[in-house]
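A.B. asks: Protein chains in written order, with UniProt numbering: chain E, 1 to 143; chain R, 1 to 387. One structure is given below, represented as structure tokens, and several questions about it will come after.
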Amino acid sequence: MSEQATPYDKPVPALTGLHGEFYAWCRDRELRFQRCTGCGRYRHVPRDICAHCSSMEWEWVRSSGRGTVFTWTDVVRALHPAFAAATPYAPVIVEMEEGVRLLSRVVDCTPDELQIGMPVEVDFQQVSDALTLPVFRRASVAR
Amino acid sequence: MFKDKACIVGIGETPFCRKPGSGLTEMGIQLKAAVAALEDAGLEAAQIDGILPFPNVGKAEAFAASLGCENLRFAATLHMGGAAPVGSLHMAAMAVTSGAADYVMVPGGWNGYSGARVRETAANDVNSIPGGEIARDFYMPFGLTAPPQWYALMARRHMHEYGTTAEQFGAVALAMRKHAQLNPAALMHGKPLMMADYLASPYIASPYRLLDCCVETDGAAAFIVTTVERARDLRQKPVYIMGAAAGQPYPADEITNRADFHRTGLTNAAPEAFRMAGVTPADADFAQIYDCFTFEVIQQLEEAGFCKRGEGGAFVENGGIELGGHLPVNTHGGLLSQAHVLGISHVVEAVRQLRGEAGARQVADAEIGVVTGWGDFGDGSIAVLRR
Ligand SMILES: [Zn+2]
């Protein structure tokens with residue numbers, strides 16, 4: 001029996017452009033969002049320009065990693081073949097302390113245990129040499 | 001402003017089917033509906049000089065060449081998903097009243113059952129991923145891959161903020177199914193539904209159960225728009241376009257970062273359409289609301305102003321949106337129980353109601369009706385029509 005690693009079979013992001021930069025930080029186990037240097041607002045998903053002040057100047061600023069569950073869905077029947085064996089699982093929108101929201105998963109609880117407002121903190125899941133996904137865990141009680 | 005200057009003068013529809021499929025190409029099935037619309041209107045293909053096709057037929061040129069529209073001069077394709085048919089109605093009204101075209105054909109349809117199905121979204125080609133690059137890079141890696149999952153996120157949040165219940169979602173499913181019993185063309189004709197059946201149906205993407213989801217269908221429909229002056233010489237009593245508008249949520253290309261999570265394209269479009277029409281939602285005798293999933297009916301009723309935000313659940317309960325209720329919704333059975341042909345059959349049904357041709361499901365003395373479209377991440381379109 002050979003113990004070949006199974007290649008990662010889920011959809012992956014294109015690791016190019018600004019989207020690629022976001023994931024490059026994740027590969028370093030850092031969740032960073034663009035912050036406009038003109039008006040100081042954070043934004044996600046990455047964009048070329050600030051929609052508030054039109055500044056094209058920005059920096060990648062490290063997030064506190066803390067947020068709360070904004071909403072979620074419990075996927076019981078997969079609608080993509082790569083996730084057929086993963087059900088039930090729950091895509092979650094997390095609202096970060098910085099004010100931006102992102103779509104992710106909470107990996108240390110079942111869909112039944114999710115609640116809107118539940119505090120969570122970022123963790124990272126390396127799925128291949130090239131790709132690390134930002135995921136979340138329930139926030140530890142003591143902060 | 002094109003109020004009462006443009007009208008719908010022809011409608012066409014194919015039969016709706018699932019197994020084994022239509023046996024036609026997606027172009028073919030829409031051509032069949034277009035031919036039926038020409039016949040209904042009493043028009044020749046050569047008179048159609050404007051076409052607003054769905055993206056799945058490819059370029060309008062091919063559609064025109066197949067149908068025999070030798071005088072095509074106005075064509076466009078809206079990329080608004082299920083909001084495109086009513087958005088195209090809006091655009092057609094602008095085109096005929098500005099003189100850009102005389103007669104505009106709006107076809108729509110697909111092999112939604114036998115062809116590439118929504119549930120099988122697995123493409124790596126970004127052009128065929130619903131939601132494009134943002135979905136590919138920020139949603140799909142986490143398993144958010146398909147429309148019912150996107151909208152389930154909205155539905156859950158609405159339940160949390162306003163106390164909307166599963167039984168209220170069920171009331172939408174039951175109303176559509178009840179109407180389908182009066183429509184022999186509906187896929188769910190002869191298959192009545194009780195609340196217990198609804199609540200027992202398995203979850204697909206909670207809070208959505210199987211019976212919150214529309215029926216994937218092979219089918220097509222089409223309608224033709226022209227000016228009121230030209231309509232006088234045609235076969236049918238025209239259905240007047242009192243007002244119409246389209247709109248986008250913000251940001252339109254990304255679901256998660258909306259400051260107002262419940263604002264959709266309809267939030268801005270509906271007041272504009274009603275203002276143009278000079279009527280209010282309360283003046284509508286019926287509404288055909290794009291019902292890809294049950295909650296989207298509740299959400300659109302709220303955002304279109306039929307009730308206040310948060311009150312949509314109560315609005316649909318106790319037969320409120322059934323025939324005989326305060327606002328009959330989707331008298332044909334909708335996407336949920338007639339057929340999912342991308343919302344274009346909602347326009348066809350509105351025309352039938354306003355012509356008084358809806359048979360057993362006719363809304364008595366229907367004078368004014370509203371049609372909405374919903375697509376992609378919440379794009380919206382709306383038309384206010386009258387007889
Ligand atoms: Zn700025």
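C-beta atoms are modelled at their ideal positions from N, C-alpha and C, and glycine is treated no differently. These numbers were taken from a predicted model, which means no experiment stands behind them.
1) By how many angstroms is the C-alpha of residue 293 of chain R removed from the C-alpha of residue 77 of chain E?
2) Would you mind reading off the limits of the alpha helix (DSSP H) that contains residue 175 of chain R?
3) In whole angstroms, what separates the C-alpha of residue 58 of chain R from that of residue 332 of chain R?
4) Tell me, please, which residues DSSP counts as bridged to residue 111 of chain R.
5) Can you tell me where the alpha helix (DSSP H) holding residue 353 of chain R begins and where it ends?
6) Which of helix, strand or coil does DSSP assign to residue 340 of chain R?
7) Does DSSP put residue 33 of chain E in a helix, a strand or coil?
8) Using a threshold of 7 Å, state whether the C-beta atoms of residue 51 of chain R and residue 75 of chain R are closer than that.
9) Using 6 Å as the cut-off, classify the Cβ of residue 101 of chain E as near or not near the heavy atoms of ligand 1, replying yes or no.
10) What would DSSP say about residue 74 of chain E, mapped onto helix, strand or coil?
11) Taking the alpha carbon of residue 102 of chain R as the reference point, which residue from R:110, R:116 and R:69 has its own alpha carbon closest?
12) Can you pull every residue whose C-beta falls closer than 6 Å to some heavy atom of ligand 1, listed in chain order?
13) Compile a chain-ordered list of the residues in the region 70–81 of chain E whose CB is closer than 9 Å to at least one CB of chain R.
14) When the Cα atoms are used, what is the spatial distance from residue 100 of chain E to residue 23 of chain E?
15) Listing by chain order, which chain R residues have their CB less than 8 Å from the CB of residue 101 of chain E?
16) Could one say the Cβ of residue 33 of chain E lies closer than 7 Å to chain R's Cβ atoms, at least one of them?
17) Mind checking whether residue 75 of chain E and residue 92 of chain E have CB atoms under 7 Å apart?
18) I want to verify the contact list: residues of chain R whose CB lies under 8 Å from the CB of residue 83 of chain E, in sequence order.
19) Leaving out five residues on either side along the sequence, give the residues of the same chain with a beta carbon under 8 Å from the beta carbon of residue 143 of chain E.
20) What are the residues in the region 18–50 of chain E lying within 7 Å of chain R by C-beta distance?
21) What residue range does the beta strand (DSSP E) around residue 35 of chain R cover?
22) Indicate whether residue 240 of chain R and residue 4 of chain R have their beta-carbon atoms separated by less than 7 Å.
23) Tell me which residue opens and which closes the alpha helix (DSSP H) that residue 314 of chain R is part of.
24) For residue 138 of chain R, would you say it is in contact with chain E, using Cβ-to-Cβ distances shorter than 7 Å as the test?
25) Looking at C-beta atoms only, is the number of pairs between the region 342–358 of chain R and the region 19–26 of chain R that lie closer than 8 Å three or more?
26) How about residue 89 of chain R: is its C-beta nearer than 7 Å to some C-beta of chain E?
27) Determine the direct distance from the alpha carbon of residue 171 of chain R to that of residue 1 of chain E, and round the result to whole angstroms.
28) In chain order, what residues of the same chain have a beta carbon less than 6 Å from the beta carbon of residue 226 of chain R, not counting five sequence neighbours either side?
29) Quick check: what's the CA-CA separation for residue 7 of chain E versus residue 377 of chain R?
30) Where do the N-terminal and C-terminal ends of the beta strand (DSSP E) with residue 7 of chain R fall, by residue?
31) Just the chain R side, please: which residues come within less than 8 Å of residue 105 of chain E by C-beta, in chain order?
32) If you follow the alpha helix (DSSP H) that residue 383 of chain R is in, where does it begin and where does it stop?
33) Could you tell me the alpha carbon to alpha carbon distance between residue 148 of chain R and residue 208 of chain R, rounded to whole angstroms?
34) Should residue 206 of chain R be flagged as near chain E, meaning a C-beta pair shorter than 7 Å?
35) Looking at chain R, is there any beta carbon in it that lies within less than 7 Å of the beta carbon of residue 120 of chain E?
C.D. replies: With the structure as the only source:
1) 16 Å
2) 166–180
3) 29 Å
4) R:218
5) 344–355
6) strand
7) strand
8) yes
9) no
10) strand
11) R:69
12) E:36, E:38, E:39, E:41, E:50, E:52, E:53 and E:55
13) 70, 71, 72, 73, 74, 75, 76, 77, 78, 79, 80 and 81
14) 16 Å
15) 256 and 257
16) no
17) no
18) 143 and 145
19) Confidence at residue 143 of chain E is low in this model, with a pLDDT of 49, below 50, so the placement of that residue should be treated as unreliable; the coordinate-derived value is given next. 66.
20) 19, 44 and 45
21) Note, residue 35 of chain R: premise wrong, no beta strand (DSSP E); alpha helix (DSSP H) at 26–41.
22) yes
23) 312–316
24) yes
25) no
26) no
27) Its pLDDT being 44, under 50, residue 1 of chain E is placed unreliably by the model, and the measurement read from it follows with that caveat. Cα to Cα, the separation comes out at about 55 Å.
28) 9, 96 and 103
29) 32 Å
30) 6–13
31) 142 and 143
32) Looking at the DSSP string, residue 383 of chain R is not in any alpha helix (DSSP H); the run it does join, the beta strand (DSSP E), is 379–386.
33) 7 Å
34) yes
35) no
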